[in-house]
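Chemist:
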Amino acid sequence: QEGNYRLPGSTLYVTLEPCAMCAGAIMHARIGRVVFGAKDLKTGVCGSVVDLFATTLNHHATVVGGVLADECGARLSAFFSSRRRAAV
1164 QEGNYRLPGS TLYVTLEPCA MCAGAIMHAR IGRVVFGAKD LKTGVCGSVV
1214 DLFATTLNHH ATVVGGVLAD ECGARLSAFF SSRRRAAV
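Each residue of the sequence shown is one higher than the one before, starting from 1164 at the first, in the numbering used here.
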(Lines of atoms letter the chains of each structure in order from A and count residues from 1; the text may use other names and numbers.)
(Lines give C-alpha, C1' and ligand atoms only; values in the text may rest on other atoms or scores of the structure.)
Protein backbone atom coordinates (compact mmCIF):
# COMPACT_ATOMS: atom_id res chain seq x y z
CA GLN A 1 0.00 0.00 0.00
CA GLU A 2 1.56 3.19 -1.10
CA GLY A 3 1.66 5.89 1.54
CA ASN A 4 1.23 3.48 4.43
CA TYR A 5 3.94 1.94 6.60
CA ARG A 6 1.82 -1.05 7.55
CA LEU A 7 2.34 -4.32 5.73
CA PRO A 8 -0.61 -6.59 6.53
CA GLY A 9 -0.61 -9.84 4.61
CA SER A 10 3.15 -9.73 4.03
CA THR A 11 5.70 -12.34 5.05
CA LEU A 12 9.12 -11.48 6.50
CA TYR A 13 11.87 -14.10 6.02
CA VAL A 14 14.93 -13.81 8.31
CA THR A 15 17.85 -16.07 9.16
CA LEU A 16 17.77 -15.42 12.92
CA GLU A 17 14.88 -15.31 15.38
CA PRO A 18 13.87 -11.67 15.94
CA CYS A 19 14.94 -9.77 19.05
CA ALA A 20 12.59 -7.57 21.09
CA MET A 21 13.29 -4.42 19.05
CA CYS A 22 12.77 -6.25 15.75
CA ALA A 23 9.57 -7.79 17.12
CA GLY A 24 8.36 -4.31 18.02
CA ALA A 25 8.97 -3.11 14.46
CA ILE A 26 7.22 -6.22 13.09
CA MET A 27 4.20 -5.61 15.29
CA HIS A 28 4.11 -1.89 14.52
CA ALA A 29 4.19 -2.63 10.77
CA ARG A 30 1.46 -5.26 11.23
CA ILE A 31 3.46 -7.84 9.26
CA GLY A 32 1.26 -10.91 8.96
CA ARG A 33 3.83 -13.70 9.04
CA VAL A 34 7.44 -14.14 10.18
CA VAL A 35 9.56 -17.08 9.05
CA PHE A 36 12.97 -17.51 10.70
CA GLY A 37 15.72 -20.09 10.49
CA ALA A 38 17.99 -20.29 13.53
CA LYS A 39 16.82 -19.78 17.10
CA ASP A 40 18.49 -17.06 19.17
CA LEU A 41 18.90 -18.54 22.62
CA LYS A 42 20.15 -15.23 24.07
CA THR A 43 17.69 -12.63 22.77
CA GLY A 44 15.05 -14.43 20.70
CA VAL A 45 11.47 -13.38 21.42
CA CYS A 46 9.57 -15.88 19.28
CA GLY A 47 9.78 -18.60 21.89
CA SER A 48 13.47 -19.05 22.71
CA VAL A 49 13.68 -16.58 25.60
CA VAL A 50 10.13 -15.23 25.64
CA ASP A 51 7.26 -15.20 23.14
CA LEU A 52 6.16 -11.62 22.57
CA PHE A 53 3.89 -12.71 19.74
CA ALA A 54 1.78 -14.79 22.14
CA THR A 55 0.86 -11.78 24.30
CA THR A 56 -2.78 -10.85 23.74
CA LEU A 57 -2.01 -7.12 23.92
CA ASN A 58 0.15 -7.23 20.80
CA HIS A 59 -0.54 -7.58 17.09
CA HIS A 60 -0.52 -11.27 16.21
CA ALA A 61 1.81 -12.39 13.46
CA THR A 62 2.02 -16.03 12.52
CA VAL A 63 5.53 -17.20 13.42
CA VAL A 64 7.25 -20.18 11.82
CA GLY A 65 10.68 -21.07 13.18
CA GLY A 66 13.42 -23.56 12.45
CA VAL A 67 13.15 -23.32 8.66
CA LEU A 68 16.55 -24.40 7.28
CA ALA A 69 17.90 -23.87 10.80
CA ASP A 70 21.24 -25.62 10.22
CA GLU A 71 21.92 -23.72 7.01
CA CYS A 72 20.96 -20.40 8.61
CA GLY A 73 23.14 -21.10 11.65
CA ALA A 74 26.11 -21.96 9.41
CA ARG A 75 25.61 -18.79 7.35
CA LEU A 76 25.47 -16.63 10.50
CA SER A 77 28.58 -18.31 11.96
CA ALA A 78 30.51 -17.78 8.73
CA PHE A 79 29.46 -14.12 8.56
CA PHE A 80 30.50 -13.28 12.12
CA SER A 81 33.71 -15.28 11.78
CA SER A 82 34.65 -13.22 8.71
CA ARG A 83 33.82 -9.99 10.59
CA ARG A 84 36.10 -11.00 13.47
CA ARG A 85 38.95 -11.78 11.05
CA ALA A 86 38.48 -8.44 9.28
CA ALA A 87 38.66 -6.55 12.58
CA VAL A 88 42.07 -7.95 13.46
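Beta carbons are placed, not taken as given, at the ideal position from N, Cα and C, and that holds for glycine.
In angstroms, rounded to a whole number, what distance separates the CA positions of Ala-1201 and Ala-1188?
Modeler: Here the question's residue 1201 lines up with position 38 in the sequence shown. Here the question's residue 1188 lines up with position 25 in the sequence shown. Their Cα atoms are separated by approximately 19 Å.
Chemist: Roughly how many angstroms separate the alpha carbons of Leu-1204 and Val-1177, rounded to a whole number?
Modeler: Within the sequence shown, the letter at position 41 stands for residue 1204. Within the sequence shown, the letter at position 14 stands for residue 1177. Each residue's alpha carbon lies about 16 Å from the other.
Chemist: Could you have a look at Cys-1235 and say whether DSSP puts it in helix, strand or coil?
Modeler: Residue numbering aside, residue 1235 sits at position 72 when the sequence shown is read from its first letter. Note: Cys-1235 maps to helix in three-state DSSP.
Chemist: Relative to the C-alpha of Thr-1174, which candidate in Leu-1215, Ala-1241 and Val-1227 has its C-alpha closest?
Modeler: For the purposes of this step, residue 1174 is identified with residue 11 of the sequence shown, where counting begins at 1. Thr-1174 has its Cα closest to that of Val-1227, out of Leu-1215, Ala-1241 and Val-1227.
Chemist: Per DSSP, which one or two residues make a beta bridge with Phe-1199?
Modeler: Numbered from its first residue, the sequence shown carries residue 1199 at position 36. DSSP output for Phe-1199 lists Val-1177 as bridge partner(s).
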